[in-house]
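Residue numbers (UniProt numbering): 1 to 172.
Glycine included, every Cβ here is placed at the ideal spot set by N, Cα and C.
Given the structure is predicted, the values throughout are model-derived calculations rather than measurements.
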């Protein structure tokens, strides 16, 4: 708790003062004392748990973006170990700051988050394009069966415009 808040160096003094000299060990606090200490620290703006640190939350956002983009997947412990290693390897090789995700400070994590946000956005746009083209091709098949050739030409033009737009962006 005091480690996560950056107060490790002052731990003995804080616990000693808080318990009115009874102990210097967090492990010897009773449940009520521990809860009161946590409440006071939260009110003062200190993170009490690892989950409350900004760096931890940024890492979670990065992993969530990776999961959404299909870069990482699975739900078992083994999957997550592999996922952590995968993201670390990517960050060290191709990342904005060339460091493993756990070694990054707050500003570096913000840059990494921005990079993965861009990747996730690109993947989402690609997925949307694929779905749209599939829908248009289905509509095209229906128009062919209905022998509505004007509609066929219009749908084919829409598909071609989507494909041309992608090629144009890739060339830029």
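query, result
"For residue 38 and residue 44, the rounded distance between their alpha carbons", "10 Å"
"Residue burial classification, residue 112 (beta-carbon count within 10 angstroms, cutoff 16)", "buried"
"Residue 79: first and last residue of the uninterrupted alpha helix (DSSP H) it sits in", "77–94"
"Selected residue, minimal CA-CA separation from residue 127, among 108, 91, 150, 166", "166"
"C-beta atoms of residue 136 and residue 119 nearer than 8 Å", "no"
"Spatially closest choice to residue 65 from 17, 27, 13, 123, by CA coordinates", "123"
"Anticipated Cβ contact below 8 Å, residue 101 with residue 59, distance rounded", "6 Å"
"Whole-number beta carbon distance between residue 19 and residue 33, since they are thought to touch under 8 Å", "7 Å"
"Among 78, 31, 35, 117, the one whose alpha carbon lies nearest that of residue 69", "117"
"Simplified DSSP state of residue 56, which is helix, strand or coil", "helix"
"For residue 110 and residue 40, the rounded distance between their alpha carbons", "29 Å"
"The alpha helix (DSSP H) enclosing residue 12, as first and last residue numbers", "11–18"
"Cut-off 7 Å between Cβ atoms - residues of its own chain near residue 42, not counting five sequence neighbours on either side", "48"
"Contact check, residue 106 vs residue 55, beta carbons under 8 Å", "yes"
"As assigned by DSSP and simplified to three states, the class of residue 46", "coil"
"Separation of residue 114 from residue 163, as counted between CA atoms", "27 Å"
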